[in-house]
Amino acid sequence: MNYKQSHQIDPLPYTSSMIVSIKHKNEISTHRYTGTILTDSYILTAVPYVDSLTDDLMISYKSEENLGKIDRVYIHPKWKDYQRYRKDNVALLRLSNPLNFTIHRQLSRARLSPRVRLLENTILQIIDWQRNTRVFLIANNDSLCNSFIDGDEQQFCVRFYESSQEDAVGKPIFQWMNHRWTQIGIVHLAIKYTDDSYIGVVTSLHHYYNWLESIVTTLNFSSLSIGTTANVIRNLPTTYECSVHSTSCGCSRENVQLSAARILGGEEAAPYSWSMVVSIHFNDSDEPSCTGSILTNSYVLTSARCVDGASETDLHVVAGMHNRLEDFPTIRYVQNIHIHPDWNRSDHTYRNDIALLYVFPPLPINGQGNPALTCVPHINPLTESVNYPSQGSQLVMVGWGSTEDDSHTMSETLQQVSIDVSNKNDPNCLKTVHDADKQFCAGRSSRSPCRGDLGGPIFQWKGTYWDQVGITSYGGQCDQIDSPAVFTRLAVYFNWMESVVNSSLTTTTPSPPPVPIVHECNKASTCGCGQTDVVLTPSRIVGGEDALDDSWPMIVSLRLNGSTDHLCGGTILSASFILTAAHCLRNISETYLTDLSIAAGMTNRSDPGRVQRNIDRIHVHPYYLGGPDDKRHDIALLHVDKPFVFESDLKLTKTCVHRLDSSLPVDQYPKNGTRLVIIGWGVIESGTKYIPEILQQAQVFNIDNEHSLCKKSIQDSELQFCAGLYEGGKDSCEGDSGGPIFQWTGQYWEQVGIVSYGTDCAHAYFPGVYTRLSYYYDWIQNILIRNGEHLESGTLSSSTMIRFTTSTDFIPHSNTISMYYFSKYHFHIVIYGLSLILFSLCYQ
Ligand code: ARG
1 MNYKQSHQID
11 PLPYTSSMIV
21 SIKHKNEIST
31 HRYTGTILTD
41 SYILTAVPYV
51 DSLTDDLMIS
61 YKSEENLGKI
71 DRVYIHPKWK
81 DYQRYRKDNV
91 ALLRLSNPLN
101 FTIHRQLSRA
111 RLSPRVRLLE
121 NTILQIIDWQ
131 RNTRVFLIAN
141 NDSLCNSFID
151 GDEQQFCVRF
161 YESSQEDAVG
171 KPIFQWMNHR
181 WTQIGIVHLA
191 IKYTDDSYIG
201 VVTSLHHYYN
211 WLESIVTTLN
221 FSSLSIGTTA
231 NVIRNLPTTY
241 ECSVHSTSCG
251 CSRENVQLSA
261 ARILGGEEAA
271 PYSWSMVVSI
281 HFNDSDEPSC
291 TGSILTNSYV
301 LTSARCVDGA
311 SETDLHVVAG
321 MHNRLEDFPT
331 IRYVQNIHIH
341 PDWNRSDHTY
351 RNDIALLYVF
361 PPLPINGQGN
371 PALTCVPHIN
381 PLTESVNYPS
391 QGSQLVMVGW
401 GSTEDDSHTM
411 SETLQQVSID
421 VSNKNDPNCL
431 KTVHDADKQF
441 CAGRSSRSPC
451 RGDLGGPIFQ
461 WKGTYWDQVG
471 ITSYGGQCDQ
481 IDSPAVFTRL
491 AVYFNWMESV
501 VNSSLTTTTP
511 SPPPVPIVHE
521 CNKASTCGCG
531 QTDVVLTPSR
541 IVGGEDALDD
551 SWPMIVSLRL
561 NGSTDHLCGG
571 TILSASFILT
581 AAHCLRNISE
591 TYLTDLSIAA
601 GMTNRSDPGR
611 VQRNIDRIHV
621 HPYYLGGPDD
631 KRHDIALLHV
641 DKPFVFESDL
651 KLTKTCVHRL
661 DSSLPVDQYP
671 KNGTRLVIIG
681 WGVIESGTKY
691 IPEILQQAQV
701 FNIDNEHSLC
711 KKSIQDSELQ
721 FCAGLYEGGK
731 DSCEGDSGGP
741 IFQWTGQYWE
751 QVGIVSYGTD
761 CAHAYFPGVY
771 TRLSYYYDWI
781 QNILIRNGEH
791 LESGTLSSST
801 MIRFTTSTDF
811 IPHSNTISMY
821 YFSKYHFHIV
831 IYGLSLILFS
841 LCYQ
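For the sequence shown, position 115 matches number 115 in full-length UniProt numbering, and the numbering has no gaps at all.
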């Protein structure tokens with residue numbers, strides 16, 4: 001048998017798909033230097049080739065196919081050309097245009113590992129685009145090796161027997177680990193040793209992992225663009241605008257986008273929108289075994305069940321990743337495992353299923369959201385933590401788990417799914433859960449936790465950040481148990497987590513100090529803006545609050561018999577029309593119309609300077625029936641006996657009701673999760689008669705049409721929508737009916753609904769129900785036009801809708817932030833202008 005050949009034939013898969021050639025633009029020679037593909041934008045190679053040729057470098061595949069130009073070369077900062085032995089021989093090349101792996105299917109990425117165990121008997125080989133050559137490890141303490149290498153850590157020696165490999169210098173060396181090739185080195189020197197054998201000195205890549213990672217993951221944002229607009233419009237997901245400025249945790253580099261709950265099953269998360277989530281791997285495997293989250297830069301939170309029985313040395317975590325096959329991973333090995341002391345695997349109750357993993361070196365948390373810290377709840381008093389998250393809350397579970405269609409393969413991309421907290425008394429939950437104070441069930445989703453999701457976080461949206469309320473523990477179809485999934489109630493473990501981390505976790509537990517936010521109105525707007533800007537406390541804790549004088553000049557109070565007795569709310573649509581709810585006029589017939597009046601231009605409802613008008617005509621929606629079981633079409637217009645004169649009465653303004661772009665589904669405006677504001681003089685406490693003197697305002701959220709709480713409250717999702725808080729506590733109430741619910745557009749307040757009804761007020765299980773104005777635009781406009789008036793022009797297009805869900809709030813005195821939003825607005829105007837020009841050119 002031919003000796004040489006025996007070293008070339010290899011039983012293992014051979015792949016040149018990660019190897020590229022590097023050459024100068026004008027070079028004709030077929031193949032010069034070798035590099036490996038690290039990511040779509042980075043090529044790894046040795047220094048000497050690129051050192052002298054930093055301009056006009058190209059890479060190609062198998063010496064023919066041109067793959068693109070290099071626009072930047074990173075040479076290791078310690079590399080010194082004049083050193084005798086030279087070490088730190090590693091360089092990275094950045095491609096001017098990222099490779100497209102879906103087009104270039106023949107290409108693949110080389111895998112690196114931050115820790116490599118070089119064992120005498122592992123299979124090592126040089127792989128290039130023509131062949132692979134087996135090499136043999138020489139121990140570092142071998143005297144021969146020792147005379148060549150400079151620094152044990154940075155280099156190692158190999159021996160090989162392939163004469164054609166005298167040009168081995170610069171070629172990559174791979175080790176067969178966990179069923180795949182991992183690049184462990186680059187040949188630095190090849191020295192002829194005997195007639196047919198060579199000694200190679202190899203740069204140990206794991207020593208340079210952190211340096212490589214720092215370049216590849218922090219500078220490479222070009223290819224990380226988030227889901228396309230087309231996708232956004234097709235599925236109409238809601239964007240959850242995180243306020244990175246006010247929280248140090250719970251926000252990622254990109255905003256979370258969640259499809260409507262009716263899209264059941266899991267969906268791929270928007271790339272880099274859950275940067276607090278990590279995958280946990282055993283034995284250097286690429287497949288995640290569990291999911292976890294980043295509590296501090298040194299601690300990862302997961303379930304005890306995931307790591308019980310594992311040894312530290314077997315575990316590593318991968319952070320900052322969206323697609324585990326495409327992104328360059330930030331890998332950290334686990335140095336210490338802290339399992340909760342009361343965890344007991346053998347009692348099968350999964351109680352206290354929580355663990356913390358200490359990783360080293362610390363994860364790079366740079367405040368730019370990738371990777372990011374998770375927020376953990378700190379509930380006061382602690383006894384309340386057993387009810388957190390509260391039943392019915394809508395949560396989002398995030399993980400790397402397999403999907404049910406294929407429960408054996410882990411998902412390539414991070415998955416998310418909406419899931420609701422079950423009732424504590426739900427029989428299915430009672431059957432499954434072992435300790436309802438420390439665990440909670442969540443169900444109503446066709447995707448329950450599966451292999452790989454274990455230990456992963458489940459989040460609740462807090463208006464400005466995501467709070468991690470639980471850890472995925474057990475249950476769900478994938479566990480072969482016909483039961484809801486069960487989660488560890490994280491709030492219960494706050495003190496334990498702090499004691500392990502041994503420092504205050506308050507930075508990761510924002511109990512948002514209610515900072516009032518100024519909504520700076522564009523005073524040039526013809527509707528939806530007052531003389532005074534609205535200042536709103538976005539807190540979920542504070543109920544309603546007093547509105548500032550002249551900040552809501554479109555609101556009116558409906559009154560009977562000219563008294564100051566407030567009956568309902570309403571808004572000014574035009575010089576002669578008021579918008580209100582049909583049910584406010586239930587006991588008023590046309591003949592007694594003289595009894596009905598409105599008061600406007602006031603914040604204090606007894607303001608002597610208020611503007612009063614009598615109502616001389618009413619237009620109740622023709623389909624309004626007002627039966628106990630049919631509350632649809634709760635909308636009416638009132639005609640005032642004398643028009644308002646906006647030019648002279650600066651305390652009055654029209655409300656904004658715009659036409660919805662016809663391409664958008666009516667029932668998705670406003671969208672799930674949008675922040676909304678309700679205002680009114682309704683009662684402050686349910687069941688009381690006391691109505692406030694000062695106009696009240698409160699922030700609530702749109703609740704998905706398909707959410708069980710909403711579904712049972714509304715009759716038709718095109719005509720009505722729900723708003724409130726899952727945990728209750730904020731709502732409109734008696735006396736607010738007919739009044740508006742607004743969405744802030746960044747420029748003005750758009751009225752999106754009319755207060756219609758609710759069961760009780762501010763109840764956790766019954767959100768407020770609102771008449772959906774986008775459905776009634778034509779009906780309103782036709783009545784106005786018949787009377788020589790009209791609604792303010794403008795359309796709610798998809799771009800404005802996307803803009804609406806973007807936070808345009810800013811904290812007072814913060815110029816930089818307001819500037820940012822200002823320029824964003826101008827961007828929209830420019831785009832709008834350009835499309836108008838294009839449009840007119842096409843139709844000439
Ligand atoms: N129907 C009531 C009214 O006439 C108030 C409706 C709001 N209720 C609620 N829980 N959101 O004023």
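Backbone N, C-alpha and C define an ideal beta-carbon position, used for all residues, glycine too.
So what's residue i in DSSP terms, helix, strand or just coil?
| i | result |
| --- | --- |
| Q106 | coil |
| N495 | helix |
| W211 | helix |
| L224 | Note on L224: pLDDT 34, under 50, position unreliable in the model; no value is reported. |
| L593 | helix |
| T313 | helix |
| D667 | helix |
| R345 | helix |
| L450 | For the sequence presented, residue 450 should be read as Cys rather than Leu. Looking at C450 - three-state DSSP - the assignment turns out to be coil, as it is neither helix nor strand. |
| N587 | coil |
| A168 | helix |
| A524 | coil |
| V755 | strand |
Could you tell me the boundaries of the alpha helix (DSSP H) in which residue i lies?
| i | result |
| --- | --- |
| R786 | 777–786 |
| A304 | 304–307 |
| L95 | From DSSP, L95 is part of no alpha helix (DSSP H) but of the beta strand (DSSP E) over 91–95. |
| C568 | Element bounds for C568: not the alpha helix (DSSP H) but the beta strand (DSSP E), 566–572. |
| N428 | 427–432 |
| K711 | 708–711 |
| F148 | 143–148 |
Determine the extent of the beta strand (DSSP E) in which residue i is found, giving its start and end residues.
| i | result |
| --- | --- |
| S293 | 290–294 |
| C157 | 155–160 |
| C722 | 720–724 |
| F742 | 740–744 |
| C441 | 439–443 |
| Y474 | 466–475 |
| P172 | 172–177 |
| P622 | Premise fails: P622 is in no beta strand (DSSP E) and is neither H nor E. |
Please report the Cβ distance between residue i and residue j, rounded to the nearest whole angstrom; I am assuming they are in contact, meaning their Cβ atoms lie under 8 Å.
| i | j | result |
| --- | --- | --- |
| D667 | N705 | 6 Å |
| L652 | I741 | About 20 Å; that fails the 8 Å criterion. |
| R351 | K431 | The Cβ separation is near 16 Å, so there is no contact. |
| I173 | I184 | 6 Å |
| I598 | V640 | 7 Å |
Expressed to the nearest angstrom, what Euclidean distance is found between the alpha-carbon atoms of residue i and residue j?
| i | j | result |
| --- | --- | --- |
| K824 | E241 | Here K824 scores only 31 on pLDDT, less than 50, and its place in the model should not be relied on; the value that follows carries that caveat. Between K824 and E241, the C-alpha separation is close to 15 Å. |
| Y623 | A582 | 10 Å |
| L93 | F766 | 58 Å |
| S557 | G528 | 17 Å |
| E267 | P389 | 23 Å |
| S222 | E64 | Low per-residue confidence applies at S222: pLDDT is 34, beneath 50, and the placement is therefore not dependable enough to give any value. |
| G758 | L791 | 29 Å |
| L414 | V318 | 12 Å |
| D284 | K671 | 43 Å |
| W181 | Q175 | 6 Å |
| L454 | H179 | 24 Å |
| T580 | I555 | 10 Å |
| residue 877 | S504 | The displayed coordinates of the chain run from 1 to 844. Any statement about residue 877 would go beyond what the structure contains. |
Closest Cβ-Cβ distance between residue i and chain D: below 7 Å?
| i | result |
| --- | --- |
| V396 | In the displayed structure, chain D is absent; only one protein chain is listed. |
Practice item. Pair every Cβ in the stretch 775–792 with every Cβ in the stretch 732–751, then say whether three or more of these pairs are closer than 8 Å. Key: No contact exists between the stretch 775–792 and the stretch 732–751.
Check your understanding: With contact counted as at least three CB pairs below 8 Å, one residue from each stretch, are the stretch 566–577 and the stretch 668–685 in contact?
Key -> Touching, per the Cβ criterion.
Practice item. Taking 8 Å as the threshold, find out whether the stretch 632–644 comes into contact with the stretch 713–720 through three or more Cβ pairs. Key: Taking one beta carbon from each stretch, the stretch 632–644 and the stretch 713–720 have 3 or more pairs nearer than 8 Å; the two touch.
Point to revise | Meets three-Cβ-pair contact criterion under 8 Å: the stretch 343–351 and the stretch 359–368 | key: Contact between the stretch 343–351 and the stretch 359–368 is absent, because fewer than three Cβ pairs lie under 8 Å.
**Study point:** Inter-stretch contact (C-beta, 8 Å, three-pair minimum) for the stretch 604–619 and the stretch 491–505
**Key:** No: the two stretches stay apart, fewer than three of their Cβ pairs being nearer than 8 Å.
Exercise for review: Taking 8 Å as the threshold, find out whether the stretch 454–472 comes into contact with the stretch 375–388 through three or more Cβ pairs.
Suggested key: The stretch 454–472 is in contact with the stretch 375–388.
Practice item. Assess, as a yes-or-no matter, whether the stretch 785–792 is touched by the stretch 725–737 under the definition of 3 or more beta carbon pairs within less than 8 Å. Key: These segments do not touch.
Review point. Is the stretch 144–153 in contact with the stretch 195–210, if contact means three or more CB pairs nearer than 8 Å?
Key: Counting Cβ pairs under 8 Å, three or more are found: they touch.
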